[in-house]
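J.: Just so you know, we're using full-length UniProt numbering here: the sequence shown kicks off at 1 and counts up by one.
My questions will all concern the structure given below.
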Amino acid sequence: MAFGIPATLWSNRCIAEAASWRALVLRGPVFTQIGIRMWDGIPTFQIPGESSTSWATTMQMAFGAVDWAQKNGIDELWIVAARSHLARALRDVRFAVRKAGASIEVRAAPEVGNFSDADWFRKESGQLRTRSRFFWLCYNTALFLVPMGIYLRIAGRPLRPAVT
């Protein structure tokens, strides 16, 4: 499972590289956002309902990945996200697994550690919170401190199906 939009950002290319390596090691598919461009030959499944103007939240990705894993008989999800985002991504996916009553092991991909903070926090990011460690810590800490019921109302709303 790989997080990141758009594909042109350096940090999201790092996520794609880490997810591609993990997929090669495991010889498995990747569930991801539209902004992650996996290496050729790697089976990739994108979260339904996401568009370049309506991105999935971490919790929406978590619920989507668990649903996809259950439908495809996958019992292990390796999470690839920016190192600073990884703890919340793991928490959200584990919550989604518990909520679904699924038997899915959730792990952090070790390849995430191959990149430095300079790879994750970039001035060219379209999101203020991912331009610096300080902004990210403010944003992410707030999301960790919010009770889960409120967090679900903010970040867990279902994605609308993609318009084709």
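Note that beta-carbon positions come from the ideal geometry of N, C-alpha and C, so glycine has one too.
Being a predicted model, the structure only gives us computed values, none of them experimental.
Note the first and the last residue of the continuous alpha helix (DSSP H) segment covering T141.
T.: Segment R133 to L145, the alpha helix (DSSP H) holding T141.
J.: To which residues of the same chain is A155 closer than 6 Å at the C-beta, ignoring the five residues directly before and after it?
T.: T57 and M59, listed in sequence order.
J.: Mapping DSSP to helix, strand and coil, what is R27?
T.: It is coil, neither helix nor strand.
J.: Taking contact to mean at least 3 C-beta pairs separated by less than 8 Å, is the stretch 26–40 in contact with the stretch 129–147?
T.: The stretch 26–40 is not in contact with the stretch 129–147.
J.: Between which two residues does the alpha helix (DSSP H) carrying A96 extend?
T.: Taken as a continuous stretch (DSSP letters only), the alpha helix (DSSP H) holding A96 covers R83 to A100.
J.: So, for A96: in the same chain, excluding its five sequence neighbours on each side, which residues have a beta-carbon less than 6 Å away from its beta-carbon?
T.: Around A96: A62, F63 and V66.
J.: I'd like to confirm the pairing. Which residues does DSSP put opposite W68 in its beta bridges?
T.: None, per the DSSP bridge assignment.
J.: Under three-state DSSP, which class holds R122?
T.: Residue state, collapsed to three classes: coil.
J.: Quick one: what does DSSP say T58 is sitting in, helix, strand or coil?
T.: Residue state, collapsed to three classes: helix.
J.: Any idea if C138 is buried or exposed, counting beta-carbon neighbours within 10 angstroms, 16 or more meaning buried?
T.: C138 should be labelled exposed.
J.: Does DSSP classify S51 as helix, strand or coil?
T.: Three-state result, S51: strand.
J.: Please go through the same chain and pick out, in chain order, the residues whose beta-carbon is closer than 7 Å to the beta-carbon of K99, but skip the five residues on each side of it.
T.: Around K99: no qualifying Cβ.
J.: What residue range is occupied by the uninterrupted beta strand (DSSP E) comprising I79?
T.: Element bounds for I79: E76 to I79.
J.: Once DSSP output is grouped into helix, strand and coil, what is the label at F63?
T.: In the structure shown, F63 sits in a helix (DSSP, three-state: H, G or I).
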